[in-house]
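Worksheet: the structure to be examined is printed underneath.
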Amino acid sequence: MTEKTVPAAANTGAIAAVGLDLQEGKLIPRRQVLSWALWDWATQPFNSVILTFVFTALYLTTYTFLPPEIAALGAGNTIYDRALSQLSSQYGIAIFVAGALIAIIAPVQGQRADASGRRKLWLGISTGVLVLCMAALFFVQASPPFFILGIALIAIGSVFSEIAGVNYNAMLVQVSTRKTIGKISGLGWGFGYLGGIVALIIVVVFTQLEWFGMSTDNGMAFRVIALGCALWTVLFSIPIFLNVPAAEPATGRPHVGFFASYGVLVKDVARLYRETRPTFWFLLASAVYRDGLAGVFAFGAIIAAVTFQFTSNEVLLFGVVANLVAGISTILAGRFDDIFGPRAVIVFSLSGLIIAGTVTFVLHDSGKLVFWVAGLLLTVFVGPAQAASRSLLARVTPAGREGEIFGLYATTGRAASFLSPGLWALFIAIFGFQYWGILGIVLVLVVGLILMLLVKLPKHVREN
Numbered sequence: 001m002t003e004k005t006v007p008a009a010a011n012t013g014a015i016a017a018v019g020l021d022l023q024e025g026k027l028i029p030r031r032q033v034l035s036w037a038l039w040d041w042a043t044q045p046f047n048s049v050i051l052t053f054v055f056t057a058l059y060l061t062t063y064t065f066l067p068p069e070i071a072a073l074g075a076g077n078t079i080y081d082r083a084l085s086q087l088s089s090q091y092g093i094a095i096f097v098a099g100a101l102i103a104i105i106a107p108v109q110g111q112r113a114d115a116s117g118r119r120k121l122w123l124g125i126s127t128g129v130l131v132l133c134m135a136a137l138f139f140v141q142a143s144p145p146f147f148i149l150g151i152a153l154i155a156i157g158s159v160f161s162e163i164a165g166v167n168y169n170a171m172l173v174q175v176s177t178r179k180t181i182g183k184i185s186g187l188g189w190g191f192g193y194l195g196g197i198v199a200l201i202i203v204v205v206f207t208q209l210e211w212f213g214m215s216t217d218n219g220m221a222f223r224v225i226a227l228g229c230a231l232w233t234v235l236f237s238i239p240i241f242l243n244v245p246a247a248e249p250a251t252g253r254p255h256v257g258f259f260a261s262y263g264v265l266v267k268d269v270a271r272l273y274r275e276t277r278p279t280f281w282f283l284l285a286s287a288v289y290r291d292g293l294a295g296v297f298a299f300g301a302i303i304a305a306v307t308f309q310f311t312s313n314e315v316l317l318f319g320v321v322a323n324l325v326a327g328i329s330t331i332l333a334g335r336f337d338d339i340f341g342p343r344a345v346i347v348f349s350l351s352g353l354i355i356a357g358t359v360t361f362v363l364h365d366s367g368k369l370v371f372w373v374a375g376l377l378l379t380v381f382v383g384p385a386q387a388a389s390r391s392l393l394a395r396v397t398p399a400g401r402e403g404e405i406f407g408l409y410a411t412t413g414r415a416a417s418f419l420s421p422g423l424w425a426l427f428i429a430i431f432g433f434q435y436w437g438i439l440g441i442v443l444v445l446v447v448g449l450i451l452m453l454l455v456k457l458p459k460h461v462r463e464n
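For reference, each letter of the sequence shown is one residue, going 1 to 464 in full-length UniProt numbering.
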């Protein structure tokens, strides 16, 4: 079989050839597919353990990093509460700066990786920096002077995690065909959720068995967890670098300096609008509903703890079960993506999320069982929507521009990332109760669903 090469015109957007067209007839070794999917598993602890459930929530933004005289005042004291809020505020600023850097850098970095064929190299560099950031968290001692170091390392890790994700998502086209891309995209997302479960279970075992006799002084337990996450990422990311080949450099793409790349990017976005308009409009529509998906996970634990009165252990247990449910549903939904098409999966998932979110709001005062059912139902639909979105974008992306387009995917997502937090806060401010924030997230999902229904996709994507 002769190797297919990327037409120069496809790389410049002059024709509507997509990367999957060049995969037609190829037999992708299973080893490559599993190695690609394992990277999601490898890096998930940064999201689930470091960012969401453990290091940041239970260590970095707690009284541990307050001056001793303020920490001694205790919860309920105005000075104490304000100081604790200030820690969260500073952490939020660091993450905001990281998001801004991602929005600026991601599409250009993806574009340059396409042109040079160094997608795999940049994945390795970005993953390596992420590992170093997690490992360096070991040096964040339980003392106020180390707080800035902690949030800086997490912010830098977030930037390089997202850049790595751009190159990783672009590699999806290399390990799939038009008939298998939905299943493989779902496999990657599913592996990520399952990896988060295993990592969280390990943390739960450590805590319940009192850290196996390890000293917990000076935040040592949490620092060791961060080091363990770094080692986990190194171990499970090795297969993708050994088994998935590097992409060919895109022909017909200009090789320019870093800052000149922004001029090329502007021209490419204009060309994208003129010649592959479905991709352009999907980027905008998905930015809205993906922020709604992010809001489900960002505020899910808060809703559980405040509105439904979950204890800390119950929140952690819910996180484990939620990741398990999301992982299984995402892997299974990948097969429906290949049968019915990604758009059908996205629309069905968003509809399910809207219904489950509305039920959660209406029954907010009906006890914990409601959130165990409705909350887990929310997680059933989040993963499939995420995986199908990645699959759909790959199906409509011009050949040779995968890195650039997935970079724009990251940028548009960041540009809309204020919607869920903003409406969450606005609804609570207007009505005075936290459960009204649920409707804010539901509203974002409704708008995203409407925009998605208005996107006119090519026939081969609609009919799969």
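All C-beta atoms, glycine included, are put in the ideal place defined by N, C-alpha and C. Because the structure is a prediction, the values reported are computed rather than measured.
Three-state secondary structure assigned by DSSP to residue i
i	result
proline 398	strand
threonine 177	coil
tyrosine 435	coil
residue 501	The structure shown does not extend to residue 501, since the chain is modelled only from 1 to 464, so the question has no answer here.
alanine 75	coil
glycine 190	helix
proline 107	helix
aspartate 268	helix
isoleucine 28	coil
phenylalanine 340	helix
proline 145	helix
leucine 457	coil
alanine 57	helix
serine 420	helix
glycine 448	helix
glycine 403	helix
phenylalanine 222	helix
leucine 426	helix
leucine 84	helix
leucine 121	helix
leucine 22	Note that leucine 22 scores 49 on pLDDT, short of 50, meaning its location in the model is unreliable and no value can be drawn from it.
proline 245	coil
phenylalanine 280	helix
leucine 132	helix
8 Å contact criterion, which residue i and residue j should meet: CB distance rounded
i	j	result
glycine 295	threonine 330	That belief does not hold up - the Cβ atoms of glycine 295 and threonine 330 are roughly 18 Å apart, past 8 Å.
isoleucine 181	tyrosine 91	Actually they are not in contact, since the Cβ atoms of isoleucine 181 and tyrosine 91 sit about 37 Å apart, beyond 8 Å.
threonine 43	leucine 130	7 Å
proline 45	alanine 199	4 Å
leucine 153	alanine 136	5 Å
phenylalanine 241	lysine 120	7 Å
alanine 226	methionine 134	5 Å
phenylalanine 282	valine 455	5 Å
aspartate 365	phenylalanine 191	Not quite, the Cβ-Cβ distance comes to about 37 Å (not below 8 Å), so this is no contact.
alanine 387	glycine 186	4 Å
arginine 277	proline 342	Not confirmed; about 18 Å, so no contact.
Residue environment, residue i, which counts as buried when at least 16 other CB atoms sit within 10 Å
i	result
leucine 265	buried
alanine 287	buried
residue 481	There is simply no residue 481 to check, as the chain begins at 1 and stops at 464 in what is shown.
lysine 183	buried
glycine 188	buried
valine 49	buried
glycine 74	exposed
leucine 22	Because the pLDDT of leucine 22 is 49, which lies under 50, any placement of that residue in the model is unreliable, and the number read from its coordinates should be weighed accordingly. Buried is the call here.
aspartate 81	exposed
glutamate 162	buried
alanine 72	exposed
threonine 78	exposed
serine 35	buried
arginine 30	exposed
threonine 311	exposed
phenylalanine 222	buried
valine 173	buried
Minimum C-alpha distance to residue i - residue among the options
i	options	result
arginine 118	Gly413, Ala247, Tyr273	Ala247
tyrosine 273	Val244, Ser89, Pro398, Ile302	Pro398
phenylalanine 371	Val173, Arg178, Ile197, Ala322	Ala322
valine 447	Ala221, Val97, Tyr63, Tyr289	Tyr289
valine 224	Phe55, Arg178, Val359	Phe55
leucine 38	Glu402, Pro239, Gly219	Pro239
glycine 375	Ile430, Ile441, Ala304	Ala304
glycine 263	Pro107, Ala98, Thr52, Phe282	Pro107
leucine 51	Leu451, Val33, Ala298	Ala298
aspartate 217	Phe160, Val140, Asn47	Val140
leucine 293	Gly403, Ala98, Leu419, Thr177	Leu419
alanine 356	Leu377, Tyr168, Leu439	Leu377
valine 203	Thr61, Arg335, Leu316, Phe160	Leu316
Contact test: residue i Cβ vs the ligand GTP heavy atom, cutoff 7 Å
i	result
tyrosine 273	Questions concerning the ligand GTP fall outside what the structure shown contains, since it holds no ligand whatsoever.
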